[in-house]
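Numbering (the numbering used here), first residue to last: 14 to 178.
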């Protein structure tokens, strides 16, 4: 007797569809049919995805705008210089710098034993690193690692007053 290849599935969305599972190994068909029962049918899944696409993109754009505003206000408040680099990397670099500096302040000053003098020294080191690309490269770093990362920054990562560089 052959193992069934056609499985009637009552999907979570309420639609009943008979699925041809002949392309799956025989010992995995029943389990896959049970898994399908916990999901919306293809048509409902596509409709939900298409309806959510606009809202997710709008949400992401609003979130990035909010983060960009916070980064700009922070940079102005703490006298951080503008970043240098390709136009498309500048905003992302500023958000990355803001996130990393905030994480570093939390890790080193709030949760650790750093005082204002130590933090001021770190801020000065951060001010001279004006390469947006450098900050992007460090975007996943831990705040507690920032001092070591800033010490490792090269001359190419630091700004210069030479306009012909």
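Ideal Cβ positions, reconstructed from N, Cα and C, are used throughout, including at glycine.
Quick caveat: nothing in here was measured; it's all calculated off a predicted structure.
The way I'd put it, the stretch 155-162 does touch the stretch 109-129; three or more beta-carbon pairs between them come closer than 8 Å. In the structure shown, the three-state DSSP call for residue 92 is coil. Separation of the CB atoms of residue 103 and residue 151 is rounded to 16 Å, and the pair is thereby denied contact status at 8 Å. The alpha-carbon of residue 35 is positioned some 5 Å away from that of residue 18. At the C-beta level, residue 84 and residue 107 come within 8 Å of one another. One alpha carbon belongs to residue 91, the other to residue 110, and they sit about 12 Å apart.
Secondary structure note for residue 109: its alpha helix (DSSP H) is the uninterrupted segment 100-118. Listed as beta-bridge partners of residue 171 by DSSP are 142.
Between the stretch 61-77 and the stretch 91-100 there are fewer than three inter-stretch CB-CB distances shorter than 8 Å, so the stretches are not counted as touching. Around residue 116, the same chain offers 156 as residues with beta carbons nearer than 6 Å, after the five sequence neighbours per side are excluded. The criterion of a C-beta distance shorter than 8 Å is satisfied by residue 142 and residue 166.
Each of 74, 24 and 69 was checked against the Cα of residue 58, and the nearest Cα belongs to 24.
With contacts defined by Cβ atoms closer than 8 Å, residue 50 and residue 22 form a contacting pair. In this structure residue 96 is buried. Its beta-carbon is surrounded by 16 or more other beta-carbon atoms within 10 angstroms. Residue range 159-165 is occupied by the alpha helix (DSSP H) that includes residue 164.
Residue pairing for residue 29: DSSP places it in a beta bridge opposite 23.
Within its own chain, the residues whose Cβ lies closer than 6 Å to the Cβ of residue 37, once the five positions on either side in sequence are excluded, are 45, listed in chain order.
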